[in-house]
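Structure first, then comments.
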Amino acid sequence: MTITVTGSYASKEQTQMVFDDLIAKGIPREQVFVDKQANAVKVMTADNMEWDVERIIRTHSAQRFTIRRNSFYTLLG
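In our numbering, the protein residues as written are 118 to 194.
Right, dumping it as structure tokens:
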């Protein structure tokens with residue numbers, strides 16, 4: 118199963134720090150998406166990385182935080 122974890126922040130600086138921490142933790146860049154207009158970071162990863170991703174996103178005081186679980190079949194459409 119894959120998960121999508123999204124965090125929204127008050128500033129672009131917070132968003133950049135979250136991105137940097139996720140990459141430093143070993144999350145591949147292809148799985149991290151940054152919305153600069155909304156100051157949001159979205160991570161699509163396997164559920165075994167959920168705790169690490171959630172911890173990083175919450176550490177930077179996300180204003181809004183969501184987790185969405187997707188089965189393999191949902192991703193196929």
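Backbone N, C-alpha and C define an ideal beta-carbon position, used for all residues, glycine too.
Inter-residue spacing [alpha-carbon to alpha-carbon] between Ala163 and Thr183:
Stepping through the sequence shown from its first residue, residue 163 is reached at position 46. Stepping through the sequence shown from its first residue, residue 183 is reached at position 66. If I take the Cα positions, the gap works out to 15 angstroms.
Using a threshold of 8 angstroms, state whether the C-beta atoms of Val135 and Gln148 are closer than that.
Your numbering for residue 135 matches position 18 in the sequence shown. Your numbering for residue 148 matches position 31 in the sequence shown. No, the Cβ-Cβ distance between Val135 and Gln148 is not below 8 angstroms.
Exposed or buried, which one is Ala127 when buried takes at least 16 other CB atoms within 10 Å?
Within the sequence shown, residue 127 is the residue found at index 10, counting from 1. Label assigned to Ala127: exposed.
Extent of the continuous alpha helix (DSSP H) to which Lys142 belongs:
For the purposes of this step, residue 142 is taken as the residue at position 25 of the sequence shown. Unbroken alpha helix (DSSP H) run through Lys142: Lys129 to Lys142.
Going by the CB atoms, is the gap between His177 and Gln133 shorter than 8 angstroms?
Numbered from 1 along the sequence shown, position 16 holds the residue referred to as residue 133. Numbered from 1 along the sequence shown, position 60 holds the residue referred to as residue 177. The answer is no: Cβ separation not under 8 angstroms.
Please state if the CB of Ile120 and the CB of Arg186 are separated by a distance shorter than 8 angstroms.
Counting from 1 along the sequence shown, the entry for residue 186 is found at position 69. Counting from 1 along the sequence shown, the entry for residue 120 is found at position 3. In contact: Arg186 and Ile120 (Cβ atoms closer than 8 angstroms).
Figure out for me which residue from Val151, Pro145, Met166 and Trp168 has the closest Cα to the Cα of Trp124.
The residue labelled residue 124 in the question sits at position 7 within the sequence shown. A quick correction: the sequence has Gly, not Trp, at residue 124. Closest by alpha carbon: Val151.
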